[in-house]
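Protein chains in written order, with the numbering used here: chain A, 42 to 518; chain L, 42 to 518.
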């Protein structure tokens with residue numbers, strides 16, 4: 042087989058790059074070894090969002106009386122139906138991706154690719170879920186020659202280097218999605234976005250959840266106020282949280298899994314228990330069997346593929362996008378890197394993805410969403426950085442909809458009031474953040490963001506008020 | 042009494058103007074004859090939003106099984122509890138406004154003001170709900186002298202000039218809020234934002250609702266696609282819709298109210314019935330008893346107070362803000378006009394409120410939110426205006442959360458791709474719109490809005506896709 046552009050991996054990096062490349066007139070072959078849509082669509086963002094929606098419905102049913110709606114009789118979770126709905130969502134979106142690729146005339150090949158040289162892949166046939174016709178299913182291994190090759194293979198959950206971590210009920214996200222019944226209890230290791238989302242899903246569906254984090258706070262990579270606010274939310278819904286502790290052992294005791302937590306400061310041990318242990322702590326590159334050396338593609342000390350701002354690797358014909366590069370492991374970053382990579386190949390002048398303009402969302406309810414610098418990061422560069430906070434308690438919309446927690450925090454430079462970061466804990470914070478990302482992109486100032494007219498009553502008024510607060514002229518606090 | 046700035050009316054125009062004026066060092070006296078917070082807080086935006094939230098919870102309880110949550114036994118609406126919760130929300134926010142005014146050292150006077158001259162008001166004592174100490178309750182009528190006076194008295198529902206409209210079960214929003222039991226059925230007259238919101242509230246709580254509009258479509262002042270989409274949503278929830286018909290009579294028949302609808306084209310009549318008729322068609326200025334003539338304040342032919350872009354009336358010492366000016370009857374416009382008015386008085390250089398940057402939201406579920414020019418308005422000026430649409434059916438987030446309806450529509454000028462208008466029907470469309478309002482404020486282009494990185498999966502991705510669609514390069518449709 043021969044092609045102009047070969048892309049390895051049909052996740053949000055690979056399939057979007059393929060669509061954009063096809064739009065720009067390139068002949069594209071997309072090689073996928075598992076599922077169209079990758080981890081995001083099949084085992085990450087989308088199925089967890091579908092489950093979070095069920096969790097939200099369960100939560101509203103339980104809280105219905107607070108709103109004047111009386112549910113006579115108990116409510117229960119039909120876990121089989123939850124799983125079926127989740128799969129229906131995934132299947133529908135996967136069908137959508139397949140349709141888009143077909144319309145873009147992208148050739149999809151079900152196969153596992155490895156480099157033979159900088160322009161050549163060996164593709165082994167596998168029974169991947171690409172839904173394509175026979176033409177795309179290989180009878181035997183074939184070579185695929187390509188002018189350019191994009192590596193978009195993604196990442197995988199990192200294993201926990203702890204005794205007992207090989208117990209079959211120590212699972213990762215994939216294992217959580219494979220459950221056919223609601224666990225009675227779980228210990229979730231890692232309080233990043235994934236750990237927080239799973240905590241809320243299982244807690245709201247009725248499991249007893251313990252959330253464990255090695256670093257000192259929930260969402261340790263976010264602004265401190267955001268982590269503290271989300272911790273309050275999760276604790277309020279019954280999640281038991283342990284931060285600043287190392288997991289040092291897992292063992293089966295009385296048919297439960299007992300997890301030993303060790304405080305690194307004083308060596309004191311705590312034991313927590315669950316039917317399952319869900320590990321959501323770190324990810325590693327998916328490069329096994331790719332034979333990157335054959336193409337001269339360099340990786341860093343941790344195995345991530347090294348890529349420059351236009352996603353070029355050390356091999357001139359090979360690019361890398363998405364998780365496999367180790368840069369911000371987020372679906373939307375992978376997609377944008379894919380677009381940047383192929384636009385650059387096509388001779389356009391795309392702006393590289395700027396790390397300080399990448400939004401990140403934890404899809405709990407309320408959501409936690411951030412873009413740009415945290416207060417601490419801003420103060421390192423500019424000790425007088427302006428910071429404004431607005432608690433949702435003071436928002437008319439939040440009160441009307443019964444939201445008790447949440448805040449908006451805006452960080453700006455002290456000289457011009459230029460927006461450096463925005464951090465939000467609120468219902469739909471991920472949507473509220475879009476305005477902030479545009480503000481960073483257009484280098485807007487506190488003044489500009491404060492004078493925009495926001496609809497009343499909306500939560501977005503809180504963004505304007507936080508900007509006013511940063512200037513010492515808040516109106517509603 | 043003497044003051045620097047007297048403000049008549051403590052609604053979102055008056056109280057925000059008072060807070061900003063106090064911040065700028067002015068001595069402020071706020072005269073209110075009914076409730077702190079005005080119609081918005083007491084009888085408009087806020088109580089309806091509180092009821093819409095109950096309606097949403099009822100809707101989710103009914104749809105719970107779709108998400109895998111099984112509610113054993115029936116659900117019912119405890120209307121007394123709904124009303125109590127709504128009042129608790131209002132009271133809490135009203136307490137907040139009172140606290141802000143107190144902290145700002147704004148003097149609040151419970152009274153009904155009328156002009157004696159351009160610098161003088163007569164204030165009659167009334168038992169207004171201002172929660173202030175005795176000092177602010179007048180024993181007898183007093184005159185209030187002020188250097189400047191701001192009229193912020195707002196508006197009131199217009200009466201329906203139709204035989205039978207004086208029946209006690211023909212009500213307006215105030216009457217709807219006074220109901221102590223859920224009506225079996227209602228005919229709602231006027232399919233603007235207020236009529237649509239009440240339609241969904243009552244339909245979701247269990248009433249049988251007929252919605253009637255004189256103009257050819259639901260949300261007749263919005264972009265056509267928006268009105269059509271919302272009509273689909275309401276019809277899907279059981280609301281019977283009649284558009285393009287005049288209400289020509291109301292009569293009690295068999296203890297119900299029968300409303301006669303006449304088609305102005307062919308004169309054909311249709312009769313619809315309900316326990317109540319809710320009139321949500323038009324508003325008029327609240328200037329009765331103000332004696333504006335004594336100050337030389339001019340009004341237009343419909344009685345709205347004439348104000349320029351800095352809210353100055355024909356009397357040099359008198360300003361007018363909010364609904365009473367007849368310009369965009371929206372709480373957030375009143376607030377911003379109030380800020381502009383007092384900043385200008387204080388010698389600052391505020392930008393006047395620009396009509397083409399005012400967001401407007403219909404708070405149904407999904408919400409309908411718009412800013413800027415509709416497609417039709419844009420094409421009048423620029424026949425080649427660029428238009429991009431993205432249906433939420435193609436959004437991963439929408440599919441994951443079970444949203445079937447909705448769209449984003451972007452309108453831009455054909456020369457530079459400058460954003461002229463954005464129209465959204467989506468869950469939280471009012472929040473999604475914030476980005477669009479900023480885009481208009483900063484005169485952003487399709488290119489700029491399209492290249493912003495949006496979190497995946499969020500509904501805000503649809504805004505980017507609509508921009509790409511306007512340029513003929515959508516990725517996900």
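Heads up, the beta-carbon is just placed ideally off N, CA and C, and yes, glycines get one too.
Check your understanding: Assuming residue 153(L) contacts residue 138(L) under a Cβ cut-off of 8 Å, what Cβ separation, rounded to an integer in Å, is found between them?
Key -> At roughly 20 Å, the Cβ-Cβ gap does not stay under 8 Å, so residue 153(L) and residue 138(L) are not in contact.
Exercise for review: Could you please give me the residues that DSSP links to residue 432(L) through a beta bridge?
Suggested key: 448(L)
Check your understanding: Which residue comes first and which comes last in the beta strand (DSSP E) that contains residue 117(A)?
Key -> 116–118
**Study point:** Delimiting residues of the beta strand (DSSP E) encompassing residue 312(L)
**Key:** 310–315
Exercise for review: Could you pull the start and end residues of the alpha helix (DSSP H) that residue 92(L) belongs to?
Suggested key: 86–104
**Study point:** Reference residue 391(A); option with closest CA among 505(A), 378(A) and 149(A)
**Key:** 378(A)
Check your understanding: What distance in whole Å lies between the Cβ atoms of residue 447(L) and residue 453(L), which are believed to be in contact at a cut-off of 8 Å?
Key -> That pair is no contact at about 20 Å.
Review point. Residues in its own chain within less than 8 Å of residue 172(A) by CB, not counting five upstream and five downstream?
Key: 77, 135, 136 and 139
Review point. Along chain A, in chain order, which residues have C-beta atoms closer than 7 Å to that of residue 86(L)?
Key: 497 and 498
Point to revise | Option nearest residue 220(L) by Cα separation, candidates 502(L), 248(L), 483(L) and 293(L) | key: 248(L)
Check your understanding: Which one of 232(A), 411(A) and 370(A) has the shortest CA to CA distance from residue 276(A)?
Key -> 232(A)
Practice item. Using only alpha-carbon positions, find the residue among 272(L), 414(L), 501(L) and 147(L) that is nearest to residue 48(L). Key: 147(L)
**Study point:** Cutoff 6 Å; reference residue 279(L); Cβ partners in own chain excluding five residues on either side
**Key:** 244
Point to revise | Inter-residue spacing [alpha-carbon to alpha-carbon] between residue 95(L) and residue 469(A) | key: 18 Å
Exercise for review: List the DSSP bridge partners of residue 148(A).
Suggested key: 70(A)
Point to revise | Cβ shell of residue 499(L) (< 8 Å), same chain only, five flanking positions each side left out | key: 438
Check your understanding: DSSP on residue 363(L), reduced to helix/strand/coil?
Key -> helix
Review point. Going by other Cβ atoms of all chains shown within 10 Å of its Cβ, with 16 needed for buried, is residue 327(L) buried or exposed?
Key: buried
Practice item. Note the first and the last residue of the continuous alpha helix (DSSP H) segment covering residue 274(L). Key: 265–277
**Study point:** Range covered by the alpha helix (DSSP H) that runs through residue 377(A)
**Key:** 372–386
Exercise for review: For the alpha helix (DSSP H) holding residue 438(L), just list the boundary residues, first then last.
Suggested key: 437–441
Point to revise | Neighbour flag for residue 465(L) against chain A, beta carbons, 8 Å | key: no
Review point. Does DSSP put residue 240(L) in a helix, in a strand, or in coil?
Key: helix
Check your understanding: What residues from the region 313–345 of chain L come within 9 Å of chain A, judged by C-beta to C-beta, listed N to C?
Key -> none
Check your understanding: Between residue 515(A) and the rest of its own chain, which residues show a CB-CB distance below 6 Å, the 5 nearest in sequence each way excluded?
Key -> 506 and 509
Check your understanding: By the 10 Å Cβ neighbour count, where 16 or more other Cβ atoms means buried, how is residue 70(A) classified, buried or exposed?
Key -> buried
Practice item. Please report how far the alpha carbon of residue 361(L) lies from the alpha carbon of residue 192(L), in whole angstroms. Key: 5 Å
Check your understanding: How many Å lie between residue 350(L) and residue 190(L) at the Cα?
Key -> 17 Å
Exercise for review: With DSSP collapsed to three states, give me the class of residue 166(A).
Suggested key: strand
Review point. Under 8 Å between the Cβ atoms of residue 382(L) and residue 58(L)?
Key: yes
Exercise for review: Closer than 8 Å by beta-carbon distance: list the chain A residues that pair up with residue 494(L), in chain order.
Suggested key: 373, 374, 377, 394, 398, 399, 400 and 478
Point to revise | C-alpha distance - residue 315(L) paired with residue 294(L), whole-angstrom precision | key: 10 Å
**Study point:** 8 Å CB neighbourhood of residue 265(A) in its chain, flanking five on each side removed
**Key:** 258, 415, 416 and 417
**Study point:** Given residue 322(L) as reference, the closest of 273(L), 376(L), 252(L) and 340(L) once Cα atoms are compared
**Key:** 252(L)
Exercise for review: Closer than 7 Å by C-beta to residue 125(L): which residues in its own chain qualify, once you throw out the five before and the five after it? Chain order, please.
Suggested key: none
Exercise for review: Could you tell me whether the Cβ atoms of residue 467(A) and residue 449(A) are closer together than 8 Å?
Suggested key: yes
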